[in-house]
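Residues -41 to -1, 1 to 223 (mature numbering (1 follows the signal peptide of the UniProt record, and there is no 0)) are what the sequence shown spells out, left to right.
Just so it is clear, CB atoms sit at the ideal spot from N, CA and C, and this is done for glycine as well.
These numbers come from a predicted model, not from an experiment.
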Amino acid sequence: MTLTVSEGLDGMWKAQQVGRLFLVSVLAALAVCGVSAAASAAPPAVTGKILAPALSPASGQVVGIAHPVVVRFTSPVPDRALAERGVRITPSTPVPGQFSWIDDRTLQWSPDHFWPAHTGVTVEAAGAKSQFQVGDALVAVANTTTHQFTVSINDQIVQTMPASMGKPGYETPLGTFPVIEQFRDMIMDSSTYGVPIDDEEGYRLYVEYATRITWGGIFVHAAPWSVGSQGFENVSHGCINLSTENARWFYDNAKIGDPVIVTA
């Protein structure tokens, strides 16, 4: 079964849609306060009628080094400072980071840079608890000038792939975008973001090995139709185009929370 979504420009991280899976923004500038996640004394409990929130990552999940901790409360939080004090994040290695509020019930804690590879993390908040693991440090760098997609694992380059990014007017946004979700195949339809299929820039394409990096429609995916341009010029509508073989490799090796860094 295929899923229909759009490939389109996304100049900023779509924070308001965090409830669908998780929200990541390593470059977020909405920090409420700084904090270092370490094995410290237990914080004061959040009082009142706040029910146990949903936590992400979930217990047992293995995630990438850019995955934040997300606490989704069941109702709007009237006292944010108190709620923050009620969140205890205990990594196996101390990690500096900061809180930010995505909306009136969604609190996010992000490391200042990335989690160290293989860090174990315990999160406790208002009666909820999650224990997750950070996996290998897989980092992908997409260079829009050199048209290369370079992947390293634990600081060792393992793949350098020709790529094609967004053409003029549809430039791939620069920044750090962690992997959100993956699809073995899907339909990309320009009409889902306002461009009719019969428009000069319209399209409806069957796409394989699609790895989403923004909620606005930016993916790393197989694009056999642009192989001749990969490594030489940018011809996409914002996505990162790879050959089918290379897209399959990234699809098979990337995990939720692995960062894709787009540079110029």
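At the level of alpha carbons, what is the spacing between V29 and S15? Your numbering for residue 29 matches position 70 in the sequence shown. Your numbering for residue 15 matches position 56 in the sequence shown. Near 5 Å, if we compare the C-alpha coordinates of S15 and V29.
Expected contact under 8 Å - CB spacing of T170 and F209 to nearest Å: As a working mapping, residue 170 is identified with position 211 in the sequence shown. As a working mapping, residue 209 is identified with position 250 in the sequence shown. That belief holds up - the Cβ atoms of T170 and F209 are roughly 6 Å apart, short of 8 Å.
Specify the secondary structure class of P183 as computed by DSSP and reduced to three states. As a first step, residue 183 is located in the sequence shown; it is residue number 224 there, counting from the start. Reduced to three states, the DSSP call for P183 is helix.
What is the DSSP secondary structure of A164, counted as helix, strand or coil? What you label residue 164 is simply residue 205 of the sequence shown in a count that begins at 1. Here the sequence assigns Leu to residue 164, which means Ala is not the residue at that position. Three-state result, L164: strand.
Does the Cβ of S34 have 16 or more other Cβ atoms within 10 Å, making it buried, or fewer, making it exposed? The sequence position of residue 34 within the sequence shown is 75, counting from 1. Flag for S34 reads exposed.
Going by the CB atoms, is the gap between N205 and L106 shorter than 9 Å? Residue 106 sits at position 147 when you count from the first residue of the sequence shown. Residue 205 sits at position 246 when you count from the first residue of the sequence shown. Looking at the sequence itself, residue 106 is His, so the reference to Leu does not match. Contact: no.
Hey, I48 and A96: beta-carbon distance below 9 Å or not? Numbered from its first residue, the sequence shown carries residue 48 at position 89. Numbered from its first residue, the sequence shown carries residue 96 at position 137. In this structure, A96 does not lie closer than 9 Å to I48 by Cβ.
Proximal residues to residue 273 (C-beta, below 7 Å), its chain only, five neighbours per side dropped: Outside the displayed span of the chain (-41 to 223) sits residue 273, for which this structure offers no information.
Mapping DSSP to helix, strand and coil, what is T6? Stepping through the sequence shown from its first residue, residue 6 is reached at position 47. With a pLDDT of 47 at T6, under the threshold of 50, the modelled position of this residue cannot be trusted, and the question is left open.
Can you tell me where the beta strand (DSSP E) holding N113 begins and where it ends? The count along the sequence shown starts at 1 and reaches residue 113 at position 154. Where N113 is concerned, there is no enclosing beta strand (DSSP E), given that its DSSP letter is neither H nor E.
Please report the distance separating the alpha-carbon of V82 from that of W74. The sequence position of residue 82 within the sequence shown is 123, counting from 1. The sequence position of residue 74 within the sequence shown is 115, counting from 1. One C-alpha to the other measures close to 14 Å.
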